[in-house]
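Undergrad: Residue numbers (our numbering): -13 to 1058.
1. Excluding the 5 residues flanking residue 864 on each side, which residues of the same chain have their C-beta closer than 7 Å to its C-beta?
2. Sort out for me which residues DSSP pairs residue 391 with in a bridge.
3. Suppose contacts are defined by Cβ-Cβ distances below 8 Å. Is residue 676 in contact with residue 690 by that definition?
4. Per DSSP, residue 1068 forms a beta bridge with which residues?
5. For residue 484, which of helix, strand or coil comes out of DSSP?
6. Would you call the stretch 497 to 506 in contact with the stretch 1005 to 1015, where contact means no fewer than 3 C-beta pairs closer than 8 Å?
7. Rank 595, 571, 317, 578 by C-alpha distance to the C-alpha of residue 291 and give the top, closest one.
8. Is the beta carbon of residue 1115 less than 8 Å from the beta carbon of residue 806?
9. DSSP on residue 1061, reduced to helix/strand/coil?
10. Pull up the DSSP beta-bridge partners for residue 608, would you.
11. Is the stretch 862 to 879 touching the stretch 927 to 947, taking contact as three or more C-beta pairs under 8 Å?
12. Indicate the three-state DSSP secondary structure (helix, strand or coil) for residue 842 in the structure shown.
13. Only counting the same chain, and skipping five residues up and downstream in sequence, which positions put a Cβ closer than 6 Å to that of residue 971?
14. Just reading off the beta strand (DSSP E) that residue 691 is part of, what are its end residues?
15. For the beta strand (DSSP E) containing residue 1017, name the first residue and the last one.
16. Does residue 996 pass the burial test, meaning 16 or more other C-beta atoms within 10 Å, or should it be called exposed?
17. Alpha carbon to alpha carbon, how far is residue 744 from residue 791?
18. Excluding the 5 residues flanking residue 612 on each side, which residues of the same chain have their C-beta closer than 6 Å to its C-beta?
19. Check whether the stretch 349 to 364 and the stretch 202 to 222 are in contact - that is, three or more C-beta pairs closer than 8 Å.
20. How far does the alpha helix (DSSP H) with residue 1060 in it extend, from its first residue to its last?
21. So within the stretch 659 to 742, which uninterrupted alpha helix (DSSP H) runs reach at least 4 residues, ignoring any that extend past its ends?
22. Where does residue 592 sit, in a helix, a strand or coil, going by DSSP?
23. Can you look up residue 635 in the DSSP assignment and give me helix, strand or coil?
24. Rounded to the nearest angstrom, what separates residue 742 and residue 370 at their Cα positions?
25. Here's the rule I'm using: 16 or more other beta-carbon atoms within 10 Å means buried, otherwise exposed. How should residue 569 be labelled?
26. For residue 1011, which of 1051, 975, 801 has the nearest alpha-carbon?
27. Pop quiz: residue 625 and residue 372 are said to be a contact at Cβ under 8 Å. What is the actual Cβ separation, rounded to whole angstroms?
28. Answer with buried or exposed for residue 531, where buried requires no fewer than 16 other C-beta atoms within 10 angstroms of its C-beta.
29. Give me, in chain order, the residues of the same chain whose beta-carbon lies closer than 6 Å to that of residue 299; leave out the 5 immediate sequence neighbours on both sides.
30. Should residue 903 go down as buried or exposed, given a rule of 16 or more other Cβ atoms within 10 Å for buried?
31. Using only the alpha-carbon positions, how far apart do residue 610 and residue 635 sit?
32. In whole angstroms, give me the CA-to-CA distance for residue 47 and residue 163.
33. Beta-carbon separation of residue 280 and residue 601 under 8 Å?
34. For the alpha helix (DSSP H) holding residue 259, just list the boundary residues, first then last.
35. Nearest-angstrom Cα distance between residue 751 and residue 496?
36. Please go through the stretch 500 to 542 and give each complete beta strand (DSSP E) segment of 3 or more residues, from N-terminal end onward.
Laid out in structure tokens, this is it:
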């Protein structure tokens, strides 16, 4: 048998060849995958874990194969064990023969036989006794040898069974490891092929030239794609003439478009926006039009119902009919640019492929509707009205509601129109250290043990994320829907929607205080984070002898123009949300028939429009959009309103969808041409919504401020509850809580000149700033009665900039440090609470209290354990009102409840007690010593206990899944392994109401809201101006420019805001 086996050398050769081929088959796709998306693997825990586990799995398979190889080699060598068994069998057989011979002789002796020479008379009793003894000894020997033989036989049997079992195991390992390898290889190959083919379409058409005539020729020849694009190109072809359009991307990926006229410019901007963000823009269009369920199924009917009820698209259609031809032409140019790229694109973006549909057709109406969507994201008054009404429903009085949800502007806080007023709050000399970090998070020095710990944590985190693959389909659909179609948090309940998140900052410093003698102008716009970002960095230029134009700054994907930035005439502008109240809610007394309601002593009929949705899969869904006359559509089923009384409905009146004409987009088409402050104001007179605070600066040392936008004229002179809670339409005492109309029934709005402003002052004004704070102490037009935010940012900006002004010689670098400042004014203003607490008896807890009172600087920066403790402490303080308000929101890592909107109330209650001795009723009920200070101590202790129970330690800020800043792609952020392809995580600094906003949104303090765009304009040398945004220009998750700005943004760095002398990386020429 041995001669039939292969030689040991051939076995080794066969196995070496097999292992080598398998290694090549495995490592080629793996190396390709790593080389294709190295940065994704580095930052994505799931992908990192996938690669590590693939390597570990393959090496384990190799170890199994090597073991089998060694065993096969041994089987082809002389089997010593087998020879030994044969030899032992032969020995045993010889022994058996000896036994038989011995037994025979002994038997003869016992029977009287013997040697023939022995005579009978020589045999005596002694001989018999000797023989018997000899026989007994032989019997014992036989038994001993027999036992040995039996043991040997049993051992041989066991060896044979072991060998047989081993052979089965080896065969199982051989076949199993092969099958596992095949599965692993197929999965790796498919994943690598998908990554590779998808990434190959990442950039689209970037360099070279595009001939419009060729498109027309191929369209006439019957090419379907070109034929579909042809209708959108005709006007562009006429406007282009013999000129060319140039699209350049510089070394920082800023997009520069140069065109001969407005039509070709905005057409090309639409083309480029589609090139970078087609799926993002198309999906938002479908969202606003209420068409998502037709694309994605039943899970998104709620979104369609919401937007069709809000009526954004219907209002845009009405506005379009009233626009002038010039504005229509500009909007159409942009829309046609989107359509042209959508028809000519070399391949569908991966989102369209995965979801199996194609982009729709864009019109000018879609662009108007998109602008209205942006306005809606900044109009959140309905949430606070519903929150207050919820407290009324659980029995709280109006006065108590105002205590728990304060609406008055806090005393001593900055007013925009009085920026140079005395500062009532003087913080310590603390400055944030955020911008002093010279290296990125990936290059920070770590010890070996720390590095191993981080690596292990990354793998474990990745494994946890991979488990998400097995989430139930309903969970995936829900998360997919909410992340994709509620990017601005529209569908959150009032308790979940953080009231402190509508935060942006801007400030301008006059030339008298800068190092250059010219203004410095800063802006950071805060919105919800998403991947890709809402903005793109663009430079638009018209080269014309009659109407030249140039502008650079932030553009919004899906909208033409540059929204904020600087133009070629030395003017810069910046914006923040004014927080204006353009919404009112109304309680409707519905009759039992569900078709009518009572108002003015009469029964009034609803206007009911039945909407039929074509849901993906061929089914239909129907719902009613019900409108209660001038009060607006019923929205109570769109928002979470617990305990709503029977036969009471909630209607919403929203100004932006009610005005007959909206030329808001005209503002941003005109801004690039403005040459002075007067022209600048004229441009903003067209703005209806959103209502904005706008700062102005120019190269002539002028700085100024205006508020722009439309507000309703309310008929009531009583302001106690106006805009704070729903108006009871059935209560005659609230009859005057309505909006004024003219003789034609159109709603009256404020005069532009009645809004707050600060006219330019040459070299005399110190600075002007806004941070969503109150614009004017006693405005002619009521902007809002709801000042429920925290206003620490405004206090911090005023303090830091005032300090800079006192020093003078302010530089652009100084402005950057202020923008990245992450020191918590909430901490600085409430540090005395920790100092006044009674000491803990526990040494550890007392050490924490003492450090919070005396040793911490309040900087909400990464790796600070006190930032973690303080942010959780503020969250736990909101438990104070939870019982009274009957809230059911869980505190992080606790069975206690919270009322997130009540932080201002909780802090005020503690400070009031410290200053006046008056203790709030809830403190008496829920404190261990019946004081507010005792309550504050109780919550600090509860936080420390909860954190050590949950983590066994206090996790550092912005680490270990605590306070991660997440940019989630709506598709690739909702599914397990591929989820992390589009999601990016930053270790950003900042906390609740810091300048560098970083407020929490969940139990792990995750941050999903903050600066989505920053700019600093230097009017002494505009070309030295800078800007930055998180993520990148591209919406393609495999593109290098999907997230190339993220690290610089996290580190408080910028890229040049150049309109000339930039390094060109790619260029596209569009010619006739």
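Even for Gly, the Cβ is constructed at its ideal location relative to N, Cα and C.
TA: Reading it off the structure:
1. Counting from 1 along the chain shown, the entry for residue 864 is found at position 878. 884, 885, 886, 888, 889, 892.
2. Counted from its first residue, the chain shown places residue 391 at position 405. According to DSSP, residue 391 bridges with nothing at all.
3. Sequence index remark: in the chain shown, residue 676 carries index 690 (1-based). Sequence index remark: in the chain shown, residue 690 carries index 704 (1-based). No, the pair does not count as a contact, with Cβ atoms beyond the cut-off.
4. Residue 1068 lies beyond the stretch modelled for the chain, which goes from -13 to 1058, so this question has no answer here.
5. Numbered from its first residue, the chain shown carries residue 484 at position 498. With a pLDDT of only 45 at residue 484, under the threshold of 50, the placement of this residue in the model should not be trusted; the figure read from the coordinates follows. Correct three-state label for residue 484: coil.
6. yes
7. By 1-based counting over the chain shown, the position of residue 291 is 305. Comparing Cα-Cα distances from residue 291 to each of 595, 571, 317, 578, the minimum goes to 595.
8. Limits of the chain in this structure are -13 at one end and 1058 at the other, which puts residue 1115 out of reach.
9. Residue 1061 is absent from the structure shown; the chain starts at -13 and stops at 1058.
10. Position 622 of the chain shown, counted from the start, is the residue given in the question as residue 608. Its beta-bridge partners are 598.
11. The stretch 862 to 879 makes contact with the stretch 927 to 947, as at least three CB pairs between them are under 8 Å.
12. As a working note, residue 842 is residue 856 in the chain shown. Residue 842 falls in the coil class under three-state DSSP.
13. As a working note, residue 971 is residue 985 in the chain shown. These residues qualify, in order along the chain: 950, 952.
14. Counting from one through the chain shown, the residue named residue 691 turns up at place 705. Residues 689 to 694.
15. Taking the chain shown and counting its residues from 1, one reaches residue 1017 at position 1031. Counting along the chain, residue 1017 falls outside any beta strand (DSSP E), and DSSP gives it neither H nor E.
16. Here residue 996 refers to the residue found at position 1010 of the chain shown. Buried, because 16 or more other Cβ atoms sit within 10 Å of the Cβ of residue 996.
17. Position 758 of the chain shown, counted from the start, is the residue given in the question as residue 744. Position 805 of the chain shown, counted from the start, is the residue given in the question as residue 791. Going by the C-alpha atoms only, they are around 19 Å apart.
18. For the purposes of this step, residue 612 is identified with residue 626 of the chain shown, where counting begins at 1. Excluding positions up to five away in sequence, the list reads 592, 594, 620.
19. no
20. Here the chain covers residues -13 to 1058 and nothing more, so residue 1060 does not appear.
21. 663 to 670
22. As a position in the chain shown, residue 592 is number 606, starting the count at 1. Three-state result, residue 592: coil.
23. Translated into the one-based positions of the chain shown, residue 635 becomes position 649. Note: residue 635 maps to strand in three-state DSSP.
24. As a first step, residue 742 must be located in the chain shown, where it is residue number 756. As a first step, residue 370 must be located in the chain shown, where it is residue number 384. Approximately 24 Å, taken between the alpha carbons.
25. The residue given as residue 569 occupies position 583 in the chain shown. Under this definition residue 569 is a buried residue.
26. Sequence index remark: in the chain shown, residue 1011 carries index 1025 (1-based). Checked all of 1051, 975, 801; the closest Cα to residue 1011 is 801.
27. As a position in the chain shown, residue 625 is number 639, starting the count at 1. As a position in the chain shown, residue 372 is number 386, starting the count at 1. Going by Cβ atoms, the distance from residue 625 to residue 372 rounds to 6 Å, so yes, they are a contact pair.
28. In the chain shown, counting from the first residue as 1, residue 531 sits at position 545. Flag for residue 531 reads exposed.
29. Along the chain shown, read from residue 1 onward, the residue named residue 299 stands at position 313. Here the set comprises 274, 275, 355.
30. Locating residue 903 in the chain shown gives position 917, where the first residue counts as 1. Exposed, because fewer than 16 other Cβ atoms sit within 10 Å of the Cβ of residue 903.
31. Taking the first residue of the chain shown as 1, we reach residue 610 at position 624. Taking the first residue of the chain shown as 1, we reach residue 635 at position 649. So the two alpha carbons sit approximately 14 Å from each other.
32. Along the chain shown, one-based indexing puts residue 47 at 61. Along the chain shown, one-based indexing puts residue 163 at 177. Distance between the alpha carbons of residue 47 and residue 163 is about 6 Å.
33. Position 294 of the chain shown, counted from the first residue, corresponds to residue 280. Position 615 of the chain shown, counted from the first residue, corresponds to residue 601. A contact, by the Cβ cut-off of 8 Å.
34. For this step, residue 259 is matched to residue 273 along the chain shown. From DSSP, the alpha helix (DSSP H) with residue 259 extends over 248 to 275.
35. In the chain shown, residue 751 corresponds to position 765, counting from 1. In the chain shown, residue 496 corresponds to position 510, counting from 1. Those two C-alpha atoms are separated by around 6 Å.
36. 506 to 514, 521 to 528, 535 to 542
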